[in-house]
Every structure is written in C-alpha cells, then in structure tokens.
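Colleague: Attaching a single structure in structure tokens format; questions to follow.
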Amino acid sequence: MSEKLIEIDDRDGIVRLTITRPKALNALNSAVLAELEAVLTDLEKRDDLRAVLITGSGEKSFVAGADITEMREKTPEEARAFASQALRTIKRLETLPVPVVALVNGFCLGGGCELALACDWAVASDNAVFGQPEVLLGVIPGFGGTQRLPRRVGPAMALDLVTTGRKIDAQEALRIGLVNRVMPQAELEAYADELTKQLSGNGPLAVRGAKLAVHDGMEQDLDSALALETALFAFCFASDEQSEGMSAFVEKRKPNF
Ligand code: CO8
Numbered sequence: 004m005s006e007k008l009i010e011i012d013d014r015d016g017i018v019r020l021t022i023t024r025p026k027a028l029n030a031l032n033s034a035v036l037a038e039l040e041a042v043l044t045d046l047e048k049r050d051d052l053r054a055v056l057i058t059g060s061g062e063k064s065f066v067a068g069a070d071i072t073e074m075r076e077k078t079p080e081e082a083r084a085f086a087s088q089a090l091r092t093i094k095r096l097e098t099l100p101v102p103v104v105a106l107v108n109g110f111c112l113g114g115g116c117e118l119a120l121a122c123d124w125a126v127a128s129d130n131a132v133f134g135q136p137e138v139l140l141g142v143i144p145g146f147g148g149t150q151r152l153p154r155r156v157g158p159a160m161a162l163d164l165v166t167t168g169r170k171i172d173a174q175e176a177l178r179i180g181l182v183n184r185v186m187p188q189a190e191l192e193a194y195a196d197e198l199t200k201q202l203s204g205n206g207p208l209a210v211r212g213a214k215l216a217v218h219d220g221m222e223q224d225l226d227s228a229l230a231l232e233t234a235l236f237a238f239c240f241a242s243d244e245q246s247e248g249m250s251a252f253v254e255k256r257k258p259n260f
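Residue numbers for the sequence shown follow my numbering, beginning at 4 and rising by one.
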C-alpha cells in the first residue's frame, strides 16, 4: 500500500490535514494534489464539518512550492494541465463552507504560499519564510499567486514579491497582512488546540454564514453584499442556534451548540 501524502486528524468536525512529503519539504506534486482533492471531495459532503487546519509535516517546511523535479520536463500543455489541477484543488479548499486555517511551520514558498493564500487566514511560526520565487526559475506563479497575493497584500507589495522573487520572514509577512499571527514554533501546536476549542464552541451555522457573507460579499458591489449579509443574518433567526446562543447569554450560561 502506498504511503499517505495527506494525513488526516479528525476530531469532532475539526479536521487537520498534514501534507506529508518531508524529503521534498512537502513540495506539491500531482500525487499530493490528487490526494488532497480526494480528501476535499469527502469533506465537502460533511454537514458536521466545523473547520479545517492545514499544515506541513516536520518543523522545517509548510510547503516549499510546486515540485520542481516533476515540473522540469513539462511541455506547455502539461504545465497548463498541472496548473489547472492545482488551481481546481486550491479553489476547493478555499470554498469549503467552514474556516480554513494555514498553520505555516517553516518554508512557505511558491505553490506553498499560494496554498496558504487560499486559506481564510494563516498563522506562522517565527522561523517561517515566505516568497513567490518562480521568476528565479524562469516562470511565474501558476497556482493563483498573481491573483490572490495582490488581493491579500495589495498590488504594489505583490508586484515587489512576484517580480523580485525575494523571500520575506514571518515578521514582514505579518506586517504586510499575509499572515494574521506569528508565534514561536513551539507554540504553534498550542495555538492549533486553542483555535480548535474556540471554533468548536461557536454556532456552526453562524460560522458558516459569516464565511459565506465575507467570501461571496467580496465578489459583489457593496449594496448587493450588504443585502447578502442581511439575508444571512435573518436566516440565523430561523435556526435553533440563535435561540440557544441568546438564551444562554440571558441565562448566564455557556451556549450548547
Ligand atoms: N520541489 C521539489 N523538491 C524540492 C523543492 C521543490 N519545490 N523544495 C525543496 N525540495 C527538495 C530538495 O531538492 C531537497 O531534495 P534532496 O534532498 O533529494 O536533494 C530537499 O527538498 C531538501 O531541500 P534543500 O536541500 O534544498 O534544503 P535547504 O534547507 O538547503 O533549502 C529551500 C530549502 C530554500 C526551501 C530550497 O529547497 C528551495 O529553494 N526550494 C525551492 C523553492 C522554490 O523555488 N519554490 C517554488 C517552486 S515553483 C512553484 O511553486 C510554482 C510554480 C507554478 C506552477 C506552474 C504549473 C506548471
């Protein structure tokens, strides 16, 4: 039996995915992408899903990019197919109906950075290194980096990164808004546990609604997006969650969602 490239830890709807190709610093090849897509296909069907955390195996690397060894001999058509496979998989991660969080534990380069950009937010260890070094290899980002990076950090900083290929440390990633938090590597696991507890305690439908409102709203003009928010807000009042959440507040107890 072949070794798993995506390890799954599933606790009460909080699913942690670990990309496991430590010898290649968890670089994304077509086998990893295919396995990730199959996992996402299963997750998409789950009503009990509450959040997804994604990380890389080991302490040195989140994902060091797309697999250069595999890409090296590709024809333009093969490169297009590989990029399409990656874009499709990454989009499916992005559009999961629950929060998706990247735990970035080391190198987060090229396709790795593009994977992290498709997550709702990212937390980095203090040894993390970010970059879109594709131009150093004679190519451009192909897993969404030219589009999601400017949307996250603004076009000027994105152009700086994608045209120089320079690497930045975790503190700079924090300053430009590429990640939400930086912490000592030894504390990343404790953060994951804390986040798991926090997300498990919130109303699952409300969390899904909040993500939907932000994601879909960002694609619309402000008035349409505000109308979407109102519709989702009103929808919450048709759920048991709203009565439980508000009753718990009034009764001075913890809600039980
Ligand atoms: N692909 C394949 N193997 C890799 C990759 C990678 N991206 N990154 C590291 N590895 C392998 C190394 O080859 C090495 O293997 P081996 O032990 O067999 O020689 C092993 O991982 C350990 O790496 P290093 O010895 O290089 O470790 P260092 O600590 O010296 O350096 C670095 C770590 C700085 C991360 C270095 O490995 C590096 O620069 N890696 C490449 C980073 C990079 O350029 N990433 C971007 C790739 S391009 C991309 O992601 C987007 C392409 C767009 C897709 C288009 C579709 C066709």
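The beta-carbon is built from N, C-alpha and C at its ideal position, and this holds for glycine as well.
#1: Does DSSP put residue 27 in a helix, a strand or coil?
#2: From this set, 10, 23, 35, 208, which residue's C-alpha is nearest residue 100's C-alpha?
#3: With distances taken Cα to Cα, identify the nearest neighbour of residue 19 among 247, 105, 143, 25.
#4: Would you identify the three-state DSSP class for residue 18, choosing helix, strand or coil?
#5: Smallest Cα separation from residue 215: which of 156, 205, 201, 232?
#6: Is residue 255 helix, strand or coil by DSSP?
#7: With residue 30 and residue 67 assumed to form a contact (beta carbons below 8 Å), what rounded beta-carbon distance in angstroms separates them?
#8: Taking the alpha carbon of residue 7 as the reference point, which residue from 15, 16, 14, 36 has its own alpha carbon closest?
#9: To which residues does DSSP link residue 134 through a beta bridge?
#10: Looking only at DSSP bridge pairs, what is residue 13 linked to?
#11: Please name the residue, chosen from 152, 41, 240, 167, that lies closest to residue 176 on a Cα-to-Cα basis.
#12: Since residue 156 and residue 131 should fall inside the 8 Å C-beta cutoff, what is the C-beta to C-beta distance between them, to a whole number of angstroms?
#13: According to DSSP, residue 58 sits in a beta bridge with which residue or residues?
#14: Within 6 Å: the Cβ of residue 137 and any heavy atom of the ligand CO8?
#15: By Cβ distance below 8 Å, which residues in the same chain neighbour residue 260 in space, the five residues on each side in sequence not counted?
#16: CB of residue 243 to nearest heavy atom of the ligand CO8: below 6 Å?
Modeller: Reading it off the structure:
#1: For this step, residue 27 is matched to residue 24 along the sequence shown. DSSP places residue 27 within a helical segment (H, G or I) once states are collapsed to three.
#2: The count along the sequence shown starts at 1 and reaches residue 100 at position 97. When each option's Cα is compared against that of residue 100, the closest is 208.
#3: For the purposes of this step, residue 19 is identified with residue 16 of the sequence shown, where counting begins at 1. In this structure, 105 is the residue among 247, 105, 143, 25 with its C-alpha nearest to the C-alpha of residue 19.
#4: Here residue 18 is taken as the residue at index 15 of the sequence shown, counted from 1. Residue state, collapsed to three classes: strand.
#5: Locating residue 215 in the sequence shown gives position 212, where the first residue counts as 1. Here the closest residue by C-alpha is 232.
#6: Within the sequence shown, numbered from 1, the residue matching residue 255 stands at position 252. The answer is coil: DSSP assigns residue 255 none of H, G, I, E or B.
#7: Here residue 30 refers to the residue found at position 27 of the sequence shown. Here residue 67 refers to the residue found at position 64 of the sequence shown. About 5 Å; that satisfies the 8 Å criterion.
#8: Within the sequence shown, residue 7 is the residue found at index 4, counting from 1. Ranking the options by Cα distance to residue 7, first place goes to 36.
#9: Taking the sequence shown and counting its residues from 1, one reaches residue 134 at position 131. 112, 170.
#10: Counting from one through the sequence shown, the residue named residue 13 turns up at place 10. DSSP, once it has assigned bridges, lists 18 as partnering residue 13.
#11: Residue numbering aside, residue 176 sits at position 173 when the sequence shown is read from its first letter. Comparing Cα-Cα distances from residue 176 to each of 152, 41, 240, 167, the minimum goes to 152.
#12: Looking up residue 156 in the sequence shown gives position 153. Looking up residue 131 in the sequence shown gives position 128. 15 Å between Cβ atoms; not a contact.
#13: As a first step, residue 58 must be located in the sequence shown, where it is residue number 55. Looking at the DSSP assignment, residue 58 forms a beta bridge with 21, 106.
#14: One-based indexing of the sequence shown puts residue 137 at position 134. Short note on residue 137: C-beta closer than 6 Å to some heavy atom of the ligand CO8.
#15: The count along the sequence shown starts at 1 and reaches residue 260 at position 257. So the qualifying residues of the chain are 204, 205, 206, 207, 244, 247, 248.
#16: Start at 1 with the first residue of the sequence shown, and residue 243 comes out as number 240. Checking the Cβ of residue 243 against the ligand CO8 gives no.
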